[in-house]
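Residue numbers (the numbering used here): 305 to 591. Yeah, the Cβ is synthetic: ideal placement off N, Cα and C, and Gly gets one too. All figures in this text were calculated on a predicted structure; none of them were measured in a lab.
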Ligand SMILES: Nc1ncnc2c1ncn2[C@@H]1O[C@H](COP(=O)(O)OP(=O)(O)O)[C@@H](O)[C@H]1O
Ligand SMILES: [Mg+2]
């Protein structure tokens, strides 16, 4: 069986681990899809130098900064009818925090109350619909960048005024009180294969992202939470994803779904071979 693992750069430690594991079961090629050229002409669409027809399965690793080439690549995968882990549309949904929340909310998945605004004036108006503290987010941030804590109207004004454009999509979100912790659940197929509690590293830092200095520890998720993660993955039509949840005042709320979940660090922190689970899932899909 021929597997194409595709990412927008040289393989990261997570992608390297996936390639190594996959080589035990598949003939594996790696593609840096940001180096791809795509050509259309009347009645024809072509990938220059790539024969997608020769693959049985495509495993994409699409990160937030480079989701646009990822979207085009997944459109091709769809056009060529090659099996994969999500349709192209999911790339747009998952890389826009508001579209994600919209899909989750529609399916009844618990999410924080959030207002999307398109310019600074309306962002400031939206603040009046909440009580401080609040969270402000750009729609396309990652790794904790683009997420701001607004303690009161003065700090809100200064953060909003410092944003680079007057016409920027922003999310005003209720702050979910917690101890600087969030939960990352790793969904593969119809299973949650591992879960990790992440804790922010400094007092005063509310973002628990590992890239923002947080630390991760294995977490035994209750059935209710596993079900929320599986419902979230289904809501955005992704077979592999990381679901981020905050537990606040006894309730779980999903804050985002990540299409490019770290496998290497999460695997180390939780002692689970996530790559193996992914390969088992692909084998099941190709039976
Ligand atoms: N509504 C919220 N209430 C409290 N903390 C939040 C909220 N939203 C995000 N956070 C904290 O900020 C971190 C980053 O937010 P997130 O929306 O996941 O953005 P990113 O894509 O940058 O990871 C989360 O992991 C969590 O620790
Ligand atoms: Mg996150």
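* Helix, strand or coil for residue 492 per DSSP? -> In the chain shown, residue 492 corresponds to position 188, counting from 1. DSSP places residue 492 within a strand segment (E or B) once states are collapsed to three.
* What is the residue span of the beta strand (DSSP E) that residue 552 lies within? -> Within the chain shown, numbered from 1, the residue matching residue 552 stands at position 248. Residues 544–552.
* **Whole-angstrom C-beta distance between residue 321 and residue 567, which should lie under 8 angstroms** => On the chain shown, residue 567 is found 263 positions in, with the first residue counted as 1. On the chain shown, residue 321 is found 17 positions in, with the first residue counted as 1. Going by Cβ atoms, the distance from residue 567 to residue 321 rounds to 6 angstroms, so yes, they are a contact pair.
* Is residue 548 near ligand 2, with its Cβ less than 7 angstroms from a heavy atom? -> Position 244 of the chain shown, counting from 1, holds the residue named residue 548. With a threshold of 7 angstroms, the Cβ atom of residue 548 counts as near ligand 2, since some heavy atom of the ligand is closer than that.
* Within 10 angstroms of its Cβ, does residue 500 collect 16 or more other Cβ (buried), or is it exposed? -> The residue you call residue 500 lines up with position 196 of the chain shown. Per the 10 Å Cβ criterion, buried.
* Cβ-based burial, residue 401 [other Cβ within 10 Å; buried from 16] -> As a first step, residue 401 is located in the chain shown; it is residue number 97 there, counting from the start. Buried.
* How many Å lie between residue 469 and residue 325 at the Cα? -> By 1-based counting over the chain shown, the position of residue 469 is 165. By 1-based counting over the chain shown, the position of residue 325 is 21. Rounded to the nearest angstrom, the two C-alpha atoms are 44 angstroms apart.
* Asked: Under 7 angstroms from any heavy atom of ligand 1, does the C-beta of residue 370 make it?
  -> Stepping through the chain shown from its first residue, residue 370 is reached at position 66. Incorrect: residue 370 has no Cβ contact closer than 7 angstroms to ligand 1.
* Asked: Mind checking whether residue 478 and residue 512 have CB atoms under 8 angstroms apart?
  -> Taking the first residue of the chain shown as 1, we reach residue 478 at position 174. Taking the first residue of the chain shown as 1, we reach residue 512 at position 208. No.
* Jot down the residue ranges of each uninterrupted beta strand (DSSP E) in the region 365–441, minimum 3 residues, whole runs only, in chain order. => With a minimum length of 3 residues, the continuous beta strand (DSSP E) runs that stay inside the region 365–441 are 418–421.
* Asked: Where residue 481 and residue 339 are concerned, what is the direct C-alpha to C-alpha distance, given to the nearest angstrom?
  -> To locate residue 481, count along the chain shown from 1; it is residue 177. To locate residue 339, count along the chain shown from 1; it is residue 35. Residue 481 and residue 339: Cα-Cα distance of roughly 43 angstroms.
* Asked: Looking only at DSSP bridge pairs, what is residue 500 linked to?
  -> For the purposes of this step, residue 500 is taken as residue 196 along the chain shown, with counting starting at 1. In DSSP, residue 500 forms a bridge with 488 and 522.
* To do: Let me know if residue 346 comes out buried or exposed under the rule of 16 or more other beta-carbons within 10 Å of its beta-carbon.
  => Stepping through the chain shown from its first residue, residue 346 is reached at position 42. Taking a 10 Å sphere around the C-beta of residue 346, we find fewer than 16 other C-beta atoms and assign the residue as exposed.
* Would you report the Cα separation of residue 504 and residue 487, rounded to the nearest angstrom? -> Position 200 of the chain shown, counting from 1, holds the residue named residue 504. Position 183 of the chain shown, counting from 1, holds the residue named residue 487. The straight-line gap from Cα to Cα measures roughly 12 angstroms.
* **Contact belief for residue 308 with residue 359 at Cβ below 8 angstroms, rounded distance in angstroms** => Position 4 of the chain shown, counted from the start, is the residue given in the question as residue 308. Position 55 of the chain shown, counted from the start, is the residue given in the question as residue 359. Confirmed, about 4 angstroms.
* **residue 475 - DSSP class collapsed to helix/strand/coil** => For this step, residue 475 is matched to residue 171 along the chain shown. DSSP places residue 475 in strand when its eight states are reduced to three.
* To do: Starting from the Cα of residue 327, find the closest Cα among 588, 591, 580 and 589 and give me that residue.
  => The residue given as residue 327 occupies position 23 in the chain shown. Its Cα nearest to that of residue 327, the residue 580 stands out among 588, 591, 580 and 589.
* Asked: From residue 524 to residue 318, what distance separates their C-alpha atoms?
  -> Translated into positions along the chain shown, residue 524 becomes position 220. Translated into positions along the chain shown, residue 318 becomes position 14. Cα-Cα distance, rounded: 23 angstroms.
* To the nearest angstrom, how far is it from the Cα of residue 329 to the Cα of residue 305? -> Your numbering for residue 329 matches position 25 in the chain shown. Your numbering for residue 305 matches position 1 in the chain shown. So the alpha carbons of these two residues sit roughly 8 angstroms apart.
* To do: May I have the straight-line CA-CA distance separating residue 574 from residue 489, to the nearest angstrom?
  => For this step, residue 574 is matched to residue 270 along the chain shown. For this step, residue 489 is matched to residue 185 along the chain shown. C-alpha separation (whole angstroms): 11 angstroms.
* To do: Go through its chain and collect everything with a Cβ distance to residue 570's Cβ below 7 angstroms, but skip five positions before and after it.
  => Residue mapping note: residue 570 aligns to position 266 of the chain shown, counting from 1. The answer, listed in chain order, is 488, 490, 498, 500, 520 and 578.
* Asked: How would you call residue 451, buried or exposed, if buried means at least 16 neighbouring beta carbons within 10 angstroms?
  -> In the chain shown, counting from the first residue as 1, residue 451 sits at position 147. Residue 451 is buried by the Cβ-count criterion.
* **Nearest to residue 551 (by Cα), restricted to the options 415, 350 and 376** => Residue 551 sits at position 247 when you count from the first residue of the chain shown. Comparing Cα-Cα distances from residue 551 to each of 415, 350 and 376, the minimum goes to 415.
* Pull up the distance between the alpha-carbon of residue 437 and that of residue 373, whole angstroms please. => Numbered from its first residue, the chain shown carries residue 437 at position 133. Numbered from its first residue, the chain shown carries residue 373 at position 69. Linking residue 437 to residue 373 through their CA atoms gives a straight-line distance of about 37 angstroms.
* Asked: Going by DSSP, what residues sit across from residue 584 in a beta bridge?
  -> Position 280 of the chain shown holds residue 584. Looking at the DSSP assignment, residue 584 forms no beta bridge with any residue, so it has no partner.
* Asked: Exposed or buried, which one is residue 466 when buried takes at least 16 other CB atoms within 10 Å?
  -> For this step, residue 466 is matched to residue 162 along the chain shown. By the neighbour-count rule (16 or more Cβ atoms within 10 Å), residue 466 is not buried but exposed.
* Determine the closest residue to residue 310 out of 344, 349, 369 and 378, with distance taken between C-alpha atoms. => Indexing the chain shown from 1 puts residue 310 at position 6. Per the Cα distances, 378.
* Asked: How about residue 427 and residue 476: do their beta carbons lie closer than 8 angstroms?
  -> What you label residue 427 is simply residue 123 of the chain shown in a count that begins at 1. What you label residue 476 is simply residue 172 of the chain shown in a count that begins at 1. Residue 427 places its beta carbon less than 8 angstroms from that of residue 476.
* Asked: Where does residue 331 sit, in a helix, a strand or coil, going by DSSP?
  -> Sequence index remark: in the chain shown, residue 331 carries index 27 (1-based). Looking at residue 331 - three-state DSSP - the assignment turns out to be strand.
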